[in-house]
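A.B. asks:
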Amino acid sequence: MNTETQTRLTLADREIILVGTAHVSRDSIDEVNKVIEEEKPDRVCVELDAGRLASMKEQDSWEKLDLIKVFKEGKGFLLMANLVLAGFQRRMGQNLGVKPGDEMRTAIEKAAELGIPYSLCDREVQLTLKRAWGSCSFWSKNKLLATLLSSAFTTEKIDENQIESLKSKNELDSMMGELAEYLPEIKKVLIDERDEYLAAKIWESQGSRIVAVIGAGHMGGVKTHLEKLSAGAASINTNKLEELPPPSLFSKLAPWIIPALIVALILAGFFKSGGAVSLSMLIQWMLWNGSLAALGTIFALGHPLSVLTAFLGAPVATINPFIGVGLFAGVVEATLRRPRVQDIEHLSEDITSLKGLYRNRVSRALLVFFLSSLGGAIGNFISIPFLTNLVVR
95 MNTETQTRLT LADREIILVG TAHVSRDSID EVNKVIEEEK PDRVCVELDA GRLASMKEQD
155 SWEKLDLIKV FKEGKGFLLM ANLVLAGFQR RMGQNLGVKP GDEMRTAIEK AAELGIPYSL
215 CDREVQLTLK RAWGSCSFWS KNKLLATLLS SAFTTEKIDE NQIESLKSKN ELDSMMGELA
275 EYLPEIKKVL IDERDEYLAA KIWESQGSRI VAVIGAGHMG GVKTHLEKLS AGAASINTNK
335 LEELPPPSLF SKLAPWIIPA LIVALILAGF FKSGGAVSLS MLIQWMLWNG SLAALGTIFA
395 LGHPLSVLTA FLGAPVATIN PFIGVGLFAG VVEATLRRPR VQDIEHLSED ITSLKGLYRN
455 RVSRALLVFF LSSLGGAIGN FISIPFLTNL VVR
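Note that the sequence shown covers residues 95 to 487 in the numbering used here.
If you want it as structure tokens, here you go:
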């Protein structure tokens, strides 16, 4: 067997059948069911981690969300990225009546029905996102945020034919090439590393006959790594792939560069022109910084007290990089407008539309967190040329 969606590998005394799927494809669900039913393998491997499986099984998983705790632990951006990605996948499957990951759930359910053990072979999703973020340069982070935002607000409809074309080798090669060119660091973490990880976990799984259900984009890489593992030509250290990359010197210094520059400019103004000019510079910076943080909160339709908090908290957050203005504004928003039961219940649906994002109190608090942070950062960048001009004139 060697088709676009299935590959049978005979490696030493083992047989591994790779099934490549699209994550919101009804045909993939039917194919997974059929392959497991016909092959009756010793084990089924799936491209899932324990956390994603739990969230698929627990319909009330969002009800356990403590938004204020998320902000205080500095996980606001991570949660927002998760929601955007979940919303994008959900939108793709809406018109088809398929939920993201249904083919993986089907594989597990079919294995259980036939009494076949299964293995979860993917890297934990939060770890993958952290590695992807940590591997990005400053400019790549901005490109990634822009891509996430554009996908969050897109209204493009994707039909079933487009979904099925994602399993075509030509389509995949084209997409992977574009991703590698646009964001090579992200492609390395999301695709290349996970090819290695999936192959290693599949190879480690017990059984002489295995069906492995994986995303079609991983088919080529996983096949190559499995063949190398079988031949003894390579080894894969999954522990290394689970480590977070150490922060670079620039990433350690970056949070302090802007506040140090602003303080230096204000001090320069004081020594050159006296206290009056220095005070004027301080007020201008606070107005730029606070006003744009407040404006971001207004764009997020934040509570008036959240807007005031963003205005007053932005200068404090700039001087102390360990505290973000989004923390102040987000906590106030989540406190004053605590998520209701219907917000939690409808979150997965609301994140698929701009109207829903603003209507839902969970996603709106995240918008307050993000847009107030973005506004404060823009305010700092804008204020620096003005402060510099006051010093050199």
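Using N, Cα and C, we set each Cβ at its ideal position, and we do this for glycine too.
Applying the criterion that 16 or more other CB atoms from any shown protein chain within 10 Å of the CB defines a buried residue, is residue 448 buried or exposed?
C.D. replies: Answer is exposed; the Cβ neighbour count stays below 16.
A.B. asks: Sorted by chain position, which residues of the same chain lie with C-beta nearer than 6 Å to residue 549's C-beta, five sequence neighbours on each side aside?
C.D. replies: It is not possible to answer for residue 549, since the shown part of the chain is limited to 95 through 487.
A.B. asks: Taking the straight line between their C-alpha atoms, what separation do you get for residue 314 and residue 344?
C.D. replies: Whole-angstrom Cα-Cα distance: 35 Å.
A.B. asks: Is the beta carbon of residue 130 less than 8 Å from the beta carbon of residue 316?
C.D. replies: Against a cut-off of 8 Å, the Cβ pair of residue 316 and residue 130 comes out as no contact.
A.B. asks: Once you ignore the five residues that flank residue 301 on each side, which residues in its own chain have a CB closer than 6 Å to its CB?
C.D. replies: Correct list, in chain order: 136, 137.
A.B. asks: Please give me, in chain order, every unbroken run of the beta strand (DSSP E) with length at least 3 that falls completely inside the stretch 413 to 470.
C.D. replies: For the stretch 413 to 470, not a single whole beta strand (DSSP E) run of length 3 or above is found.
A.B. asks: Taking residue 390 and residue 468 to be in contact with their CB atoms under 8 Å, please state how far apart those CB atoms are, rounded to whole angstroms.
C.D. replies: With a Cβ gap of about 6 Å, residue 390 and residue 468 count as contacting.
A.B. asks: Out of 105, 99, 100, state which residue places its alpha-carbon closest to the alpha-carbon of residue 303.
C.D. replies: Cα-wise, what sits closest to residue 303 is 105.
A.B. asks: Answer yes if the stretch 431 to 438 comes into contact with the stretch 353 to 372, meaning at least three C-beta pairs across the two stretches below 8 Å, and no otherwise.
C.D. replies: Taking 8 Å as the limit for Cβ pairs, the verdict is that the stretch 431 to 438 does not touch the stretch 353 to 372.
A.B. asks: Who are the Cβ neighbours of residue 324 in its own chain at under 6 Å, not counting the five residues just before and after it?
C.D. replies: Closer than 6 Å at the Cβ level, and outside the excluded window around residue 324, lie 105, 106.
A.B. asks: Could you give the distance in angstroms between the alpha-carbon of residue 219 and the alpha-carbon of residue 458?
C.D. replies: Between residue 219 and residue 458, the C-alpha separation is close to 24 Å.
A.B. asks: Can you name the start and end residues of the alpha helix (DSSP H) that residue 99 belongs to?
C.D. replies: It is not in any alpha helix (DSSP H) - residue 99 carries neither H nor E in the DSSP assignment.
A.B. asks: What's the gap between the Cα of residue 388 and the Cα of residue 455?
C.D. replies: Rounded to whole angstroms, residue 388 to residue 455 spans 18 Å at the Cα level.
A.B. asks: Quick one: residues in its chain with C-beta nearer than 6 Å to the C-beta of residue 335, no 5 flanking neighbours on either side, listed in chain order?
C.D. replies: Excluding positions up to five away in sequence, the list reads 287, 291.
A.B. asks: Does DSSP put residue 280 in a helix, a strand or coil?
C.D. replies: Here residue 280 sits in helix by DSSP.
A.B. asks: Can you give me the start and stop residues for the alpha helix (DSSP H) that residue 147 sits inside?
C.D. replies: Counting along the chain, the alpha helix (DSSP H) containing residue 147 begins and ends at 144 to 151.
A.B. asks: Within 10 Å of its beta-carbon, does residue 45 have 16 or more other beta-carbons around it, so buried, or fewer, so exposed?
C.D. replies: No statement about residue 45 is possible, as the shown extent of the chain runs from 95 to 487 and does not include it.
A.B. asks: List the DSSP bridge partners of residue 109.
C.D. replies: Beta-bridge pairing links residue 109 to 104, 303.
A.B. asks: Nearest CA to the CA of residue 149: which residue from 133, 113, 195, 112?
C.D. replies: Answer by Cα proximity: 195.
A.B. asks: Give a yes or no on whether the C-beta atoms belonging to residue 383 and residue 353 are separated by under 8 Å.
C.D. replies: No, the pair does not count as a contact, with Cβ atoms beyond the cut-off.
A.B. asks: Do the CB positions of residue 320 and residue 296 come within less than 8 Å of each other?
C.D. replies: Yes, Cβ-Cβ distance for residue 320 and residue 296 is below 8 Å.
A.B. asks: Around the C-beta of residue 480, are 16 or more other C-beta atoms found within 10 angstroms, so that it is buried, or is it exposed?
C.D. replies: Per the 10 Å Cβ criterion, exposed.
A.B. asks: By the three-class DSSP mapping on this structure, what secondary structure does residue 217 have?
C.D. replies: The answer is coil: DSSP assigns residue 217 none of H, G, I, E or B.
A.B. asks: By DSSP's criteria, residue 139 is part of a beta bridge. Which residues make up the other side?
C.D. replies: DSSP output for residue 139 lists 213, 306 as bridge partner(s).
A.B. asks: Could you tell me how far apart the beta carbons of residue 326 and residue 285 are, in whole angstroms, since I believe they sit closer than 8 Å?
C.D. replies: Not a contact, Cβ separation roughly 25 Å.
A.B. asks: So, are the CB atoms of residue 214 and residue 142 less than 8 Å apart?
C.D. replies: Contact: yes.
A.B. asks: Using the DSSP secondary-structure output, state which residues sit across from residue 115 in a beta bridge.
C.D. replies: In the DSSP output, where bridge partners are listed per residue, residue 115 has 309.
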